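What follows is a set of notes on a single structure, which appears directly below.
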Amino acid sequence: MVSSVRKYWILWFVFLAVPGSGFLRFDGIPFSSKTEFAVLAVSVVGALLPAVRLTLKKFVQGRDGLNGQLATLILACAIVAKLFTFVLLPLGDGFEACYRSIYAPLTSGKCEKSFEAPFLTYDLINVQGSITRMEPTIDFGSLVSKMSLIGASKTSWKLPFANDFPRLSAPWLDRLPFTAHFGTMVSVKARSVIPIEYIGELKVDVDGKIYSGISYKRLETLWVPVQAGKNSLRIIYKFAEDNTSIVPDIAPVIQGPWAHLFVGEPISLKDARSNLQVHIKGWVVNLEQKSAPKFVELRNESGARVGRFATYARPDLAGFFPDQSLSNSGFDLVILADSLAPGVTKLTLVDPVGGTPIANISLDFDPSLRKLQATPVMIGEVGRGSAFDSTMTLLKNRSPLAPGRMIEPTKIQQALLLLIDSLVIVLLAAVS
Numbered sequence: 014m015v016s017s018v019r020k021y022w023i024l025w026f027v028f029l030a031v032p033g034s035g036f037l038r039f040d041g042i043p044f045s046s047k048t049e050f051a052v053l054a055v056s057v058v059g060a061l062l063p064a065v066r067l068t069l070k071k072f073v074q075g076r077d078g079l080n081g082q083l084a085t086l087i088l089a090c091a092i093v094a095k096l097f098t099f100v101l102l103p104l105g106d107g108f109e110a111c112y113r114s115i116y117a118p119l120t121s122g123k124c125e126k127s128f129e130a131p132f133l134t135y136d137l138i139n140v141q142g143s144i145t146r147m148e149p150t151i152d153f154g155s156l157v158s159k160m161s162l163i164g165a166s167k168t169s170w171k172l173p174f175a176n177d178f179p180r181l182s183a184p185w186l187d188r189l190p191f192t193a194h195f196g197t198m199v200s201v202k203a204r205s206v207i208p209i210e211y212i213g214e215l216k217v218d219v220d221g222k223i224y225s226g227i228s229y230k231r232l233e234t235l236w237v238p239v240q241a242g243k244n245s246l247r248i249i250y251k252f253a254e255d256n257t258s259i260v261p262d263i264a265p266v267i268q269g270p271w272a273h274l275f276v277g278e279p280i281s282l283k284d285a286r287s288n289l290q291v292h293i294k295g296w297v298v299n300l301e302q303k304s305a306p307k308f309v310e311l312r313n314e315s316g317a318r319v320g321r322f323a324t325y326a327r328p329d330l331a332g333f334f335p336d337q338s339l340s341n342s343g344f345d346l347v348i349l350a351d352s353l354a355p356g357v358t359k360l361t362l363v364d365p366v367g368g369t370p371i372a373n374i375s376l377d378f379d380p381s382l383r384k385l386q387a388t389p390v391m392i393g394e395v396g397r398g399s400a401f402d403s404t405m406t407l408l409k410n411r412s413p414l415a416p417g418r419m420i421e422p423t424k425i426q427q428a429l430l431l432l433i434d435s436l437v438i439v440l441l442a443a444v445s
């Protein structure tokens with residue numbers, strides 16, 4: 014027989030655990046947020062403290078048991094109401110996300126399930142009848158560097174199938190091939206462009222208009238135009254270095270850095286140009302003089318200096334040659350789009366000591382922001398070692414896109430959501 018006090022604790026924990034709308038702060042199991050975990054922790058401690066149990070017992074027995082009956086009714090109604098909000102508004106804010114493994118995919122063809130959203134099934138934008146979870150933003154890539162070759166073990170991707178044993182248990186399998194589908198609504202006040210940085214294969218659908226790109230060797234930026242008002246945005250991303258669905262015995266040939274995807278906030282057309290830049294990284298040493306330049310300069314076709322960049326330490330090269338005097342040999346060139354004229358701009362990278370040319374750099378800039386491409390070519394010279402490590406078009410100011418609401422709760426629904434969240438705080442404060 015369940016004691017009267019224990020019954021209320023059971024009802025309370027059921028209320029916390031039952032799944033609710035994604036718009037709720039306390040949306041039930043799984044307790045994936047810090048706030049929910051804190052509420053659960055305080056509740057468990059309260060249930061174990063004799064003083065709290067005694068206070069609760071006195072309360073429910075007060076007014077000849079009327080308090081207890083009222084508490085039972087409120088908790089029972091709250092459980093039903095919370096479950097109702099899940100049926101009515103399950104998704105909440107965020108990007109609908111669907112992840113699938115390319116190696117040994119699920120035979121059902123559905124999205125991989127995740128701990129964060131075990132009960133979600135239907136989506137509103139992707140309309141696949143399956144969903145992995147809701148993502149607050151899309152900003153996934155290496156935790157080491159943008160050009161890192163390390164796979165899932167050192168990235169911000171949270172792939173739900175990354176440790177699926179034995180389906181994906183090959184010891185070398187870190188650079189997992191996968192697909193990811195995202196969907197949301199985007200609201201803008203004026204015509205804008207959404208910058209999307211990616212390594213892999215990308216297709217973007219904005220209200221039926223398709224924009225696409227593919228790049229495995231370096232980071233690229235796709236500029237996606239959106240109209241004023243609400244726009245339906247679907248992103249289909251893929252990273253695969255081979256075309257098989259069977260886990261091979263050995264790792265496929267690496268084509269470049271592992272998966273990267275970033276969706277930025279919309280930028281108005283008049284501001285977009287000033288937010289684009291090219292990064293060119295590389296190194297240069299003088300092997301005959303056993304030295305490296307302290308600075309490198311960019312000069313235009315007339316010989317005027319347009320940029321000066323200090324070199325930085327490259328311990329890997331000093332260990333490779335090996336010579337510590339060659340340590341400061343790395344350079345990172347930054348070229349802003351708003352410093353370029355439309356069309357092709359030709360620059361020369363030089364060692365300012367003696368003005369020795371190191372490389373020629375051709376920049377092809379499309380003022381409509383469809384393209385900003387850099388083509389660097391080293392100038393070979395006896396006694397000199399040099400190379401380019403990477404060439405990337407990046408954003409100067411980088412803020413992730415905040416997803417819009419796919420469905421707006423009515424005033425009555427908002428009031429119900431607020432009531433349920435408030436009830437958690439009120440009841441928690443009462444037992445604390």
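Residue 14 is where the sequence shown starts when you use the numbering used here, and the numbers rise one by one after that. The C-beta atom is built at its ideal place from N, Cα and C for all residues, glycine as well. In this text, all values refer to a predicted model and were calculated from it rather than measured experimentally.
- [ ] Would you check if the region 307 to 316 and the region 357 to 367 touch, i.e. whether three or more CB-CB distances between them fall below 8 Å?
- [x] The region 357 to 367 vs the region 307 to 316: in contact.
Open item on the list: I want to know whether the region 30 to 44 touches the region 83 to 101 - three or more CB-CB distances under 8 Å.
Closed with: Contact between the region 30 to 44 and the region 83 to 101 is present: three or more C-beta pairs spanning the two stretches fall below 8 Å.
Task: Secondary structure, beta strand (DSSP E): runs of 3+ residues fully inside the region 239 to 317 - done: Listed in chain order, the complete beta strand (DSSP E) runs (minimum 3 residues) inside the region 239 to 317 are 242 to 252, 273 to 276, 289 to 299 and 308 to 312.
Open item on the list: Does the region 312 to 325 come into contact with the region 413 to 431, if we say contact requires no fewer than three beta-carbon pairs (one atom in each stretch) closer than 8 Å?
Closed with: Counting C-beta pairs with one atom in each stretch, the region 312 to 325 and the region 413 to 431 have fewer than three that are closer than 8 Å, which means they do not touch.
Task: Start and end residues, beta strand (DSSP E) containing residue 348 - done: Per DSSP, residue 348 belongs to the beta strand (DSSP E) from 341 to 349.
Open item on the list: If contacts are defined as beta-carbon pairs under 8 Å, then residue 385 and residue 374 qualify, I think. What distance do you get, rounded to the angstrom?
Closed with: Here residue 385 is actually not in contact with residue 374; their C-beta atoms are around 13 Å apart, not less than 8 Å.
Open item on the list: Give me the residue from 298, 359, 350 and 274 with the minimum Cα distance to residue 318.
Closed with: That would be 359, whose Cα lies nearest to the Cα of residue 318.
Open item on the list: Check whether the region 163 to 177 and the region 104 to 118 are in contact - that is, three or more C-beta pairs closer than 8 Å.
Closed with: Yes, the region 163 to 177 touches the region 104 to 118.
Task: Selected residue, minimal CA-CA separation from residue 409, among 357, 349 and 395 - done: When each option's Cα is compared against that of residue 409, the closest is 349.
Task: Inside the region 161 to 225 only - beta strand (DSSP E) runs reaching at least 3 residues - done: Positions of the beta strand (DSSP E) runs, each at least 3 residues long and wholly inside the region 161 to 225, are given as 191 to 201 and 205 to 219 in order along the chain.
Open item on the list: Less than 6 Å between C-beta atoms, sequence neighbours within five positions excluded: which residues of the same chain meet that for residue 218?
Closed with: Same-chain partners within the cutoff: 247.
TODO: Run the CB neighbour count on residue 102, radius 10 Å, all protein chains shown included, and call it buried at 16 or more, exposed below.
DONE: Here residue 102 is buried: its Cβ has 16 or more other Cβ atoms, across all protein chains shown, within 10 Å.
- [ ] Report yes if the CB atom of residue 198 is closer than 8 Å to the CB atom of residue 245, and no otherwise.
- [x] With a cutoff of 8 Å on beta-carbon distance, residue 198 and residue 245 are scored as near each other.
Task: CB contact flag (residue 393, residue 300, <8 Å) - done: It is not a contact, given that the beta carbons lie outside the stated cut-off.
Open item on the list: Does the region 107 to 114 come into contact with the region 145 to 154, if we say contact requires no fewer than three beta-carbon pairs (one atom in each stretch) closer than 8 Å?
Closed with: Yes, the region 107 to 114 is in contact with the region 145 to 154.
Open item on the list: At the level of alpha carbons, what is the spacing between residue 388 and residue 357?
Closed with: Taking the straight line joining both Cα atoms gives about 11 Å.
Open item on the list: For the ligand ADP, is there any heavy atom lying closer than 7 Å to the beta carbon of residue 408?
Closed with: The ligand content of the structure shown is nil, which means the ligand ADP is not present either.
TODO: Ignore the nearest five residues each way along the sequence and tell me which others in residue 353's own chain have a CB closer than 7 Å to its CB.
DONE: Around residue 353: 376 and 378.
Task: Span of the beta strand (DSSP E), counted from its first residue to its last, around residue 359 - done: If you look at residue 359, you'll find it in the beta strand (DSSP E) that goes 356 to 364.
Open item on the list: Judging by CA-CA distance, which residue of 104, 23 and 183 is the nearest neighbour of residue 422?
Closed with: When each option's Cα is compared against that of residue 422, the closest is 104.
Task: Helix, strand or coil at residue 328 [DSSP, three-state] - done: Helix, per DSSP.
Open item on the list: Spatial neighbours of residue 165 within its chain, please: C-beta separation below 7 Å, excluding the five flanking residues on both sides.
Closed with: Cβ neighbours of residue 165 beyond the five flanking positions: 172, 175, 187 and 189.
Open item on the list: Could you tell me the alpha carbon to alpha carbon distance between residue 38 and residue 133, rounded to whole angstroms?
Closed with: Their Cα atoms are separated by approximately 17 Å.
Task: alpha helix (DSSP H) runs contained entirely in the region 58 to 146, provided each spans 4 or more residues - done: Complete alpha helix (DSSP H) runs here, min 4: 63 to 74 and 79 to 101.
- [ ] Could you have a look at residue 415 and say whether DSSP puts it in helix, strand or coil?
- [x] Annotated three-state conformation of residue 415 is coil, per DSSP.
Open item on the list: Using a Cβ-Cβ cutoff of less than 6 Å, which residues in the same chain neighbour residue 185 once the five nearest sequence positions on both sides are dropped?
Closed with: Short of 6 Å from the beta carbon of residue 185, and not among the five residues preceding or following it, lie these beta carbons of its own chain, in chain order: 264.
Task: Three-state secondary structure assigned by DSSP to residue 406 - done: It is a strand residue.
Task: Cα-Cα separation, residue 279 to residue 400 - done: In this model, residue 279 and residue 400 are separated by some 35 Å (Cα to Cα).
Open item on the list: Are the CB atoms of residue 170 and residue 272 within a distance shorter than 8 Å?
Closed with: Yes, these two residues count as a Cβ contact at 8 Å.
TODO: For residue 325, I'd like the list of residues in its chain whose CB is within less than 8 Å of its CB, leaving aside the five on either flank, ordered along the chain.
DONE: Excluding residues within five positions, the ones whose Cβ falls inside 8 Å are 341, 343, 344 and 345.
Task: 7 Å CB neighbourhood of residue 27 in its chain, flanking five on each side removed - done: Excluding five sequence positions before and after residue 27, the CB atoms of its chain that fall closer than 7 Å to its own CB belong to 92, given in chain order.
TODO: Answer with buried or exposed for residue 124, where buried requires no fewer than 16 other C-beta atoms within 10 angstroms of its C-beta.
DONE: Answer is buried; the Cβ neighbour count reaches 16.
- [ ] Report the three-state DSSP secondary structure of residue 38 (helix, strand or coil).
- [x] DSSP places residue 38 outside both helix and strand once states are collapsed to three, so it counts as coil.
TODO: Mind checking who residue 370 pairs with in its DSSP beta bridge?
DONE: DSSP, once it has assigned bridges, lists 363 as partnering residue 370.
TODO: Report the partner residues of residue 421 according to the DSSP bridge assignment.
DONE: According to DSSP, residue pairing for residue 421 in a beta bridge does not occur.
- [ ] Can you tell me which of the three DSSP states residue 439 falls into?
- [x] In the three-state reduction of the DSSP assignment, residue 439 falls in the helix class.
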